[in-house]
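Student: Questions regarding the structure given below will be posed in turn.
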Amino acid sequence: MGTKDGRTATRERAQGFDALYAAAAADVARYAYLLTASPRQAAHVTHHAFAMVWRDQPDVDDTLADVAYVRTLAGDLALHRGYLLRRGVWRFVPHLDRTGRVVPHTNDDTHRERDIALLRALQRVAAHRRRVFVLRHLFGLTAEEVAVEAEATTEATRVRLFHAHEDLAERVPALTGPSPNCPEAHDFLSTITRDLAARHQPRLHGAPAVRAGSRTRTVALIAVVVAAVVTLFTAALPRVLDPGSSRDSREAVRMRTSTQQPSAPLYRPPVPPAAAPAAPPDAAKPAEPAGPP
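The following block contains the structure:
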């Protein structure tokens with residue numbers, strides 16, 4: 004009975020995860036795509052975020068709270084410090100601008116040029132501002148909801164949104180107009196952001212593959228840790244069983260080294276030559292006569 008209940012619980016957990024993945028994976032991938040301007044990186048972030056959910060969360064389903072949780076994980080992964088550091092380093096290396104290659108083609112060249120300008124400008128906005136901008140204009144979240152997902156205060160979120168609009172207006176004035184923080188500009192930015200995201204078709208694995216990949220990574224990590232522990236234990240085992248052997252071997256090496264290399268002669272300072280003996284004082288004077296002449 005216990006085994007049957009365990010299998011039933013696992014199957015129900017997998018069904019809830021699959022429902023969440025089917026409902027939110029594509030939107031999460033589009034969210035990561037706008038943050039990174041890289042379809043490959045966006046797919047990797049999406050798979051990793053859902054794998055973390057499957058590994059850490061005992062019960063998930065197609066609910067707003069679970070979708071928001073996955074988006075938070077995806078945003079953290081997409082804007083991870085290591086990824087931002089690589090982008091910062093590559094910024095100083097001359098390379099071709101590949102933004103045009105990752106923007107979907109459309110029948111209207113004007114729309115495509117606008118999409119390229121928007122995606123290129125977004126990558127030049129600071130990461131924390133870019134995140135709140137995409138959450139606000141792609142998903143239509145309020146400032147309070149964006150603050151929860153961005154893990155910031157509501158006031159800080161409003162300030163970040165304000166500066167994100169100003170940054171876009173500075174780089175691409177045609178997208179925002181003269182007043183980037185007016186309601187009309189916000190509506191237009193939301194429209195073009197959603198259009199760009201909707202035209203992106205992410206290539207994602209199925210939910211079973213993501214679940215299997217999560218288990219595979221966990222097993223591989225455990226195997227690496229076990230192998231490292233076994234290697235260290237094997238290397239230290241002789242010293243633990245016979246602590247004198249290692250000391251004797253070190254002493255033998257020391258003795259062999261001392262016999263093979265003759266010792267250098269001791270330094271002795273040179274001895275100064277002996278001084279000549281001085282003449283007695285009486286011998287230097289002439290002898291006086293003994294009596295009168």
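In this note's numbering, the protein residues as written are 4 to 296.
All residues carry an ideal CB built from backbone N, CA and C; glycine is no exception.
Go ahead and label Gly180 buried or exposed: buried means 16 or more other beta carbons lie within 10 angstroms of its beta carbon, across all protein chains shown.
Tutor: As a first step, residue 180 must be located in the sequence shown, where it is residue number 177. Classification of Gly180: exposed, given that the 10 Å Cβ count is below 16.
Student: Between the Cα of Asp65 and the Cα atoms of Val162, Ala22 and Arg115, which residue gives the shortest distance?
Tutor: Here residue 65 corresponds to residue number 62 of the sequence shown, with the count starting at 1. The candidate whose alpha carbon is nearest that of Asp65 is Ala22.
Student: I need the straight-line Cα distance from Leu67 to Val73, nearest angstrom please.
Tutor: In the sequence shown, the residue the question calls residue 67 occupies position 64. In the sequence shown, the residue the question calls residue 73 occupies position 70. The alpha-carbon atoms of Leu67 and Val73 are separated by roughly 10 Å.
Student: Quick check on Asp8: buried or exposed, where buried means 16 or more other Cβ atoms within 10 Å of its Cβ?
Tutor: For the purposes of this step, residue 8 is taken as the residue at position 5 of the sequence shown. Label assigned to Asp8: exposed.
Student: Rounded to whole angstroms, how far is the Cβ of Val149 from the Cβ of Thr156, which I believe are closer than 8 Å?
Tutor: The sequence position of residue 149 within the sequence shown is 146, counting from 1. The sequence position of residue 156 within the sequence shown is 153, counting from 1. At roughly 11 Å, the Cβ-Cβ gap does not stay under 8 Å, so Val149 and Thr156 are not in contact.
Student: Between the Cα of Arg58 and the Cα atoms of Leu178, Leu82, His203 and Arg16, which residue gives the shortest distance?
Tutor: Position 55 of the sequence shown, counted from the start, is the residue given in the question as residue 58. Cα-wise, what sits closest to Arg58 is Arg16.
Student: His203 lies in the alpha helix (DSSP H); which residues open and close that run?
Tutor: On the sequence shown, position 200 is the one that residue 203 refers to. Element bounds for His203: n/a, residue is neither H nor E.
Student: Within this structure, are the beta carbons of Val213 and His50 separated by less than 7 Å?
Tutor: Start at 1 with the first residue of the sequence shown, and residue 213 comes out as number 210. Start at 1 with the first residue of the sequence shown, and residue 50 comes out as number 47. Closer than 7 Å, so yes.
Student: Is Leu207 near the ligand GDP, in the sense that its beta carbon is under 6 Å from a heavy atom of that ligand?
Tutor: Among the components of this structure there are no ligands whatsoever, and the ligand GDP is therefore not found.
Student: Can you tell me which of Arg202, Ala28, Pro272 and Leu192 puts its alpha carbon nearest to the alpha carbon of Arg139?
Tutor: Sequence index remark: in the sequence shown, residue 139 carries index 136 (1-based). Out of Arg202, Ala28, Pro272 and Leu192, Leu192 has the C-alpha closest to the C-alpha of Arg139.
Student: I need the boundaries of the alpha helix (DSSP H) containing Thr75, first residue and last residue.
Tutor: Residue mapping note: residue 75 aligns to position 72 of the sequence shown, counting from 1. Leu67 to Ala81 is the extent of the alpha helix (DSSP H) around Thr75.
Student: Are the Cβ atoms of Arg134 and Ala153 separated by less than 7 Å?
Tutor: Reading the sequence shown from its first residue, position 131 is the one you call residue 134. Reading the sequence shown from its first residue, position 150 is the one you call residue 153. Cβ distance < 7 Å, so Arg134 and Ala153 count as in contact.
Student: For a quick check, are the C-beta atoms of Thr39 and Ala81 less than 7 Å apart?
Tutor: Along the sequence shown, read from residue 1 onward, the residue named residue 39 stands at position 36. Along the sequence shown, read from residue 1 onward, the residue named residue 81 stands at position 78. Yes, the pair counts as a contact, with Cβ atoms nearer than the cut-off.
Student: Excluding five sequence neighbours on each side, which residues of the same chain lie with their C-beta closer than 6 Å to the C-beta of Ala167?
Tutor: As a first step, residue 167 must be located in the sequence shown, where it is residue number 164. Excluding sequence neighbours, Ala167 sits near Val128, Arg132 and Phe136.
Student: Considering only the alpha carbon of each residue, which of Leu125, Ile195 and Pro186 lies closest to Ala35?
Tutor: Within the sequence shown, the letter at position 32 stands for residue 35. Ala35 has its Cα closest to that of Leu125, out of Leu125, Ile195 and Pro186.
Student: Give the secondary structure of Pro186 by DSSP, where H, G and I count as helix, E and B as strand, and everything else as coil.
Tutor: By one-based count along the sequence shown, residue 186 stands at place 183. Here Pro186 sits in helix by DSSP.
Student: Can you name, in chain order, every residue of its own chain whose Cβ lies under 7 Å from the Cβ of Val227, other than the five neighbours on each side?
Tutor: In the sequence shown, counting from the first residue as 1, residue 227 sits at position 224. Low local confidence applies: a pLDDT of 48 at Val227 is under 50, so the model's placement there is unreliable, and no value is given.
Student: Please tell me whether Val162 has its Cβ less than 7 Å away from any Cβ of chain B.
Tutor: Of the chains in the structure shown, none is chain B; there is only one protein chain.
Student: Is Leu144 helix, strand or coil by DSSP?
Tutor: As a working mapping, residue 144 is identified with position 141 in the sequence shown. If DSSP states are grouped into helix, strand and coil, Leu144 belongs with coil.
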